[in-house]
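To start, the structure under review is shown below, and the notes come after it.
Residue numbers (this note's numbering): 1036 to 1321.
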């Protein structure tokens, strides 16, 4: 079923935007009725979530079940039921669209947002990472052996197309001074084209190291590569359909893995304060 995810998110997002526009236009042109307000509430909260994620790119994480989206949508459905019970007329379009929206939203929460199981058997706390190589932003080869010498945060992200990934990197950049003060470096690793990573690096006011996972060598070695991991249509922007599952690892100055986060929900991610706490513990232990 995972091969359906790229098509699902592209089609469902488009459907949500269209439905949000139509329901808003109806209220603006005809005025507010209980049935139309319920119809609007049953779909627009998800549209607003997409706008917040895609346009603002300032939301690095959400709650798993999105209560600020789920409750208004449920309230909208209840308002429509109450309105019909009071004799209001509901169109076939409204009924069908609400059913589709409800099914799509449930799938988004319980299926699309969930990440597949990883096969990171070679990654163990207290041990060195398996050998892999990356390309630096200057095109130079970098080896995992170079983790020795300083504590390092390794953040694997899906690419510039992922708004939560970009927001997480922005958040990390804002806390970079605290991280650097602990003698740590930050590696941001993605399988996307180098030009995309370079463009993102220019927007960050912090000397973090952007790395390219050429041919998915690192993600496959670590067991976090995923087939069909991008929304349908992103290939035309230069992205490979194979992507990476979001993951953060922190190593000590000996190159040993001390901490990692392998989220099972792409919207649930650790905060920089967690990284800083781990780095402080590493500093105290050395």
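Note that beta-carbon positions come from the ideal geometry of N, C-alpha and C, so glycine has one too.
If you're wondering where the values come from, they're calculated on a predicted model, not measured in any experiment.
Sequence-distant residues of its chain with Cβ nearer than 6 Å to residue 1262 (five each side left out): As a first step, residue 1262 must be located in the chain shown, where it is residue number 227. Sequence-distant Cβ neighbours of residue 1262 in its own chain, meaning closer than 6 Å and more than five residues away, are 1277.
Selection from 1053, 1281, 1249 that minimises the alpha carbon distance to residue 1168: Taking the first residue of the chain shown as 1, we reach residue 1168 at position 133. Out of 1053, 1281, 1249, 1249 has the C-alpha closest to the C-alpha of residue 1168.
For residue 1294, the nearest candidate out of 1161, 1072, 1196 (CA to CA): For the purposes of this step, residue 1294 is identified with residue 259 of the chain shown, where counting begins at 1. With distances taken between Cα atoms, residue 1294 lies closest to 1161.
Beta strand (DSSP E) runs contained entirely in the region 1164 to 1206, provided each spans 3 or more residues: The qualifying runs are 1168 to 1170, 1176 to 1178, 1187 to 1191.
Continuous beta strand (DSSP E) stretch holding residue 1283: start and end: Along the chain shown, one-based indexing puts residue 1283 at 248. 1282 to 1286 is the span of the beta strand (DSSP E), which, as asked, contains residue 1283.
Three-state secondary structure assigned by DSSP to residue 1267: In the chain shown, the residue the question calls residue 1267 occupies position 232. DSSP, read as helix, strand or coil, puts residue 1267 in coil.
Boundaries of the alpha helix (DSSP H) in which residue 1221 is found, first to last residue: Counting from 1 along the chain shown, the entry for residue 1221 is found at position 186. Looking at the DSSP string, residue 1221 is not in any alpha helix (DSSP H); the run it does join, the beta strand (DSSP E), is 1220 to 1225.
Continuous alpha helix (DSSP H) stretch holding residue 1071: start and end: As a position in the chain shown, residue 1071 is number 36, starting the count at 1. In the DSSP assignment, residue 1071 falls within the unbroken alpha helix (DSSP H) covering 1069 to 1076.
Simplified DSSP assignment, three categories, for residue 1065: As a working mapping, residue 1065 is identified with position 30 in the chain shown. If DSSP states are grouped into helix, strand and coil, residue 1065 belongs with the helices.
Cβ-based neighbour list, residue 1246, same chain, cut-off 7 Å, excluding 5 preceding and 5 following: What you label residue 1246 is simply residue 211 of the chain shown in a count that begins at 1. Here the set comprises 1169, 1170, 1171, 1177, 1222, 1223, 1224.
Where residue 1292 sits in the DSSP three-state scheme: Numbered from 1 along the chain shown, position 257 holds the residue referred to as residue 1292. Assigned with DSSP and collapsed to three states, residue 1292 falls in strand.
For residue 1244 and residue 1230, the rounded distance between their alpha carbons: Position 195 of the chain shown, counted from the first residue, corresponds to residue 1230. Position 209 of the chain shown, counted from the first residue, corresponds to residue 1244. So the alpha carbons of these two residues sit roughly 14 Å apart.
Reduced DSSP secondary structure (H/G/I, E/B, other) of residue 1255: Position 220 of the chain shown, counting from 1, holds the residue named residue 1255. Note: residue 1255 maps to helix in three-state DSSP.
Which listed residue (1095, 1228, 1129, 1076) has its alpha carbon closest to that of residue 1251: To locate residue 1251, count along the chain shown from 1; it is residue 216. For the residues 1095, 1228, 1129, 1076, the minimum Cα distance to residue 1251 belongs to 1228.
Cut-off 8 Å between Cβ atoms - residues of its own chain near residue 1323, not counting five sequence neighbours on either side: The requested residue 1323 does not occur in the structure, where the chain is confined to residues 1036 to 1321.
C-alpha distance - residue 1124 paired with residue 1070, whole-angstrom precision: Here residue 1124 refers to the residue found at position 89 of the chain shown. Here residue 1070 refers to the residue found at position 35 of the chain shown. About 8 Å.
Own chain residues within Cβ distance below 6 Å of residue 1217, not counting five before or after: Here residue 1217 refers to the residue found at position 182 of the chain shown. Excluding sequence neighbours, residue 1217 sits near 1314, 1318.
Own chain, CB closer than 7 Å to residue 1260, minus 5 neighbours either side, in chain order: Counting from 1 along the chain shown, the entry for residue 1260 is found at position 225. These residues qualify, in order along the chain: 1251, 1254, 1277, 1279.
Three-state secondary structure assigned by DSSP to residue 1298: What you label residue 1298 is simply residue 263 of the chain shown in a count that begins at 1. Residue 1298 falls in the coil class under three-state DSSP.
Residue 1106 - partner residues in DSSP beta bridges: Stepping through the chain shown from its first residue, residue 1106 is reached at position 71. In the DSSP output, where bridge partners are listed per residue, residue 1106 has none listed.
Spatially closest choice to residue 1194 from 1274, 1241, 1205, 1102, by CA coordinates: Position 159 of the chain shown, counted from the start, is the residue given in the question as residue 1194. Residue nearest to residue 1194 within the set 1274, 1241, 1205, 1102 is 1274 (criterion: CA-CA distance).
Segment contact, 8 Å Cβ cut-off, at least three pairs: the region 1143 to 1160 with the region 1299 to 1313: Short answer: they touch.
The region 1281 to 1294 in contact with the region 1190 to 1206 per 3-pair CB rule at 8 Å: The region 1281 to 1294, when compared against the region 1190 to 1206, does touch it at the 8 Å Cβ threshold.
Residue 1246: first and last residue of the uninterrupted beta strand (DSSP E) it sits in: For the purposes of this step, residue 1246 is taken as residue 211 along the chain shown, with counting starting at 1. First-last of the beta strand (DSSP E) with residue 1246: 1244 to 1247.
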